[in-house]
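Colleague: In my numbering, the protein residues as written are 1 to 143.
Note that CB positions come from ideal geometry on N, CA and C, so glycine has one too.
Encoded as C-alpha coordinates, here's the structure I'll be asking about.
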(Lines of atoms letter the chains of each structure in order from A and count residues from 1; the text may use other names and numbers.)
(Lines give C-alpha, C1' and ligand atoms only; values in the text may rest on other atoms or scores of the structure.)
Protein backbone atom coordinates (compact mmCIF):
# COMPACT_ATOMS: atom_id res chain seq x y z
CA UNK A 1 0.00 0.00 0.00
CA UNK A 2 1.35 3.41 -0.98
CA UNK A 3 2.16 6.09 1.58
CA UNK A 4 -0.51 8.75 2.05
CA UNK A 5 1.77 11.04 4.09
CA UNK A 6 5.47 11.84 4.04
CA UNK A 7 7.69 11.94 7.15
CA UNK A 8 6.94 15.56 8.03
CA UNK A 9 3.18 15.25 7.48
CA UNK A 10 3.08 12.10 9.59
CA UNK A 11 5.07 13.63 12.44
CA UNK A 12 2.91 16.78 12.39
CA UNK A 13 -0.32 14.75 12.37
CA UNK A 14 0.83 12.52 15.23
CA UNK A 15 1.76 15.65 17.19
CA UNK A 16 -1.75 17.00 16.68
CA UNK A 17 -3.59 13.85 17.74
CA UNK A 18 -1.14 12.86 20.53
CA UNK A 19 0.38 16.11 21.84
CA UNK A 20 1.03 14.44 25.22
CA UNK A 21 3.85 12.33 23.69
CA UNK A 22 4.82 14.45 20.66
CA UNK A 23 8.14 15.46 22.20
CA UNK A 24 9.14 11.84 22.83
CA UNK A 25 9.15 10.60 19.22
CA UNK A 26 10.52 11.46 15.77
CA UNK A 27 9.63 9.83 12.49
CA UNK A 28 12.95 8.66 11.05
CA UNK A 29 12.08 6.77 7.88
CA UNK A 30 9.22 5.67 5.65
CA UNK A 31 10.43 3.16 3.11
CA UNK A 32 8.96 0.05 1.52
CA UNK A 33 7.14 -1.95 4.18
CA UNK A 34 8.97 -0.27 7.07
CA UNK A 35 8.46 2.79 9.24
CA UNK A 36 11.16 3.83 11.72
CA UNK A 37 10.23 5.81 14.82
CA UNK A 38 12.81 7.18 17.25
CA UNK A 39 12.25 7.34 21.00
CA UNK A 40 14.21 10.35 22.24
CA UNK A 41 15.40 8.74 25.46
CA UNK A 42 15.50 11.04 28.46
CA UNK A 43 15.74 10.64 32.23
CA UNK A 44 11.99 10.07 32.52
CA UNK A 45 12.23 6.93 30.33
CA UNK A 46 14.74 5.22 32.61
CA UNK A 47 14.24 2.71 35.37
CA UNK A 48 16.55 1.91 38.28
CA UNK A 49 19.58 0.01 37.04
CA UNK A 50 20.37 2.39 34.19
CA UNK A 51 18.17 1.10 31.40
CA UNK A 52 15.15 2.21 29.40
CA UNK A 53 11.93 1.05 31.08
CA UNK A 54 9.65 -1.60 29.63
CA UNK A 55 6.69 0.82 29.44
CA UNK A 56 8.80 3.24 27.38
CA UNK A 57 9.74 0.45 24.96
CA UNK A 58 6.10 -0.65 24.79
CA UNK A 59 5.09 2.93 23.95
CA UNK A 60 7.69 3.00 21.16
CA UNK A 61 6.38 -0.26 19.69
CA UNK A 62 2.76 0.88 19.84
CA UNK A 63 3.45 4.34 18.41
CA UNK A 64 5.71 2.93 15.67
CA UNK A 65 2.97 0.59 14.45
CA UNK A 66 0.39 3.37 14.70
CA UNK A 67 2.68 5.60 12.61
CA UNK A 68 3.16 2.84 10.03
CA UNK A 69 -0.61 2.45 9.68
CA UNK A 70 -1.32 6.19 9.53
CA UNK A 71 1.38 6.69 6.90
CA UNK A 72 -0.54 4.31 4.65
CA UNK A 73 -4.16 5.13 5.57
CA UNK A 74 -3.86 8.88 5.93
CA UNK A 75 -5.43 10.98 8.66
CA UNK A 76 -7.52 8.29 10.38
CA UNK A 77 -6.99 8.88 14.09
CA UNK A 78 -9.32 6.14 15.32
CA UNK A 79 -7.22 3.07 14.48
CA UNK A 80 -6.76 1.25 17.79
CA UNK A 81 -4.50 -1.45 19.20
CA UNK A 82 -6.40 -4.69 19.73
CA UNK A 83 -3.44 -6.87 20.71
CA UNK A 84 0.23 -6.47 21.57
CA UNK A 85 2.82 -8.95 22.73
CA UNK A 86 6.36 -7.82 23.47
CA UNK A 87 9.55 -9.76 24.17
CA UNK A 88 12.36 -7.96 25.97
CA UNK A 89 15.64 -9.45 24.74
CA UNK A 90 18.53 -7.44 26.14
CA UNK A 91 19.20 -4.33 28.19
CA UNK A 92 19.21 -1.13 26.09
CA UNK A 93 21.71 1.60 26.84
CA UNK A 94 20.28 4.32 29.09
CA UNK A 95 21.92 7.20 27.26
CA UNK A 96 21.00 6.16 23.70
CA UNK A 97 17.83 6.72 21.67
CA UNK A 98 15.84 3.67 20.62
CA UNK A 99 14.68 3.04 17.05
CA UNK A 100 11.50 1.05 16.48
CA UNK A 101 11.18 -0.42 12.99
CA UNK A 102 7.55 -1.22 12.28
CA UNK A 103 6.70 -3.61 9.50
CA UNK A 104 3.17 -4.25 8.32
CA UNK A 105 2.74 -7.95 7.64
CA UNK A 106 -0.93 -7.86 6.58
CA UNK A 107 -3.22 -4.92 6.03
CA UNK A 108 -6.81 -6.02 5.70
CA UNK A 109 -10.04 -4.04 5.58
CA UNK A 110 -10.64 -4.27 9.33
CA UNK A 111 -7.35 -5.45 10.89
CA UNK A 112 -3.66 -4.74 10.48
CA UNK A 113 -1.03 -7.21 11.72
CA UNK A 114 2.58 -6.19 12.10
CA UNK A 115 5.74 -6.34 14.13
CA UNK A 116 8.20 -3.85 15.57
CA UNK A 117 11.88 -4.51 16.14
CA UNK A 118 13.47 -2.16 18.68
CA UNK A 119 17.21 -1.47 18.70
CA UNK A 120 19.46 1.00 20.47
CA UNK A 121 20.73 3.57 17.98
CA UNK A 122 23.93 2.35 16.37
CA UNK A 123 23.43 -1.29 17.39
CA UNK A 124 21.70 -3.82 15.13
CA UNK A 125 21.02 -6.29 17.95
CA UNK A 126 17.37 -6.01 18.99
CA UNK A 127 16.51 -5.08 22.57
CA UNK A 128 12.83 -5.94 22.10
CA UNK A 129 10.40 -7.35 19.56
CA UNK A 130 6.67 -6.71 19.51
CA UNK A 131 3.80 -8.26 17.58
CA UNK A 132 0.74 -6.00 17.22
CA UNK A 133 -2.75 -6.10 15.78
CA UNK A 134 -4.72 -2.93 15.11
CA UNK A 135 -8.37 -2.42 14.28
CA UNK A 136 -9.14 0.00 11.43
CA UNK A 137 -12.36 1.99 11.77
CA UNK A 138 -14.99 1.45 9.07
CA UNK A 139 -14.86 3.99 6.26
CA UNK A 140 -18.62 3.92 5.63
CA UNK A 141 -21.85 3.06 7.44
CA UNK A 142 -22.30 -0.31 5.65
CA UNK A 143 -19.60 -2.08 7.69
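(1) From residue 68 to residue 101, what distance separates their C-alpha atoms?
(2) Would you identify the three-state DSSP class for residue 15, choosing helix, strand or coil?
(3) If you drop the 5 nearest sequence neighbours on each side, which residues of the same chain put their C-beta closer than 8 Å to that of residue 14?
(4) When you compare each of 134, 98, 112 and 139 to residue 123 by their alpha carbons, which one comes out closest?
(5) Buried or exposed for residue 17, going by 16 or more other Cβ atoms inside 10 Å?
(6) Runs of 4 residues minimum, wholly inside the region 83-113: which ones carry the alpha helix (DSSP H) assignment?
Modeller: Taking the geometry as given:
(1) Position 68 of the chain shown holds residue 68. Position 101 of the chain shown holds residue 101. The alpha-carbon atoms of residue 68 and residue 101 are separated by roughly 9 Å.
(2) To locate residue 15, count along the chain shown from 1; it is residue 15. DSSP, read as helix, strand or coil, puts residue 15 in helix.
(3) Looking up residue 14 in the chain shown gives position 14. Excluding its 5 nearest sequence neighbours in each direction, residue 14 has C-beta neighbours in its own chain below 8 Å: 22, 25, 27, 63, 66, 67 and 70, listed in chain order.
(4) As a working mapping, residue 123 is identified with position 123 in the chain shown. Residue 123 has its Cα closest to that of 98, out of 134, 98, 112 and 139.
(5) Here residue 17 refers to the residue found at position 17 of the chain shown. The residue in question, residue 17, is exposed, as its Cβ has fewer than 16 Cβ neighbours within 10 Å.
(6) Runs of the alpha helix (DSSP H) lying entirely within the region 83-113, each at least 4 residues long, are absent.
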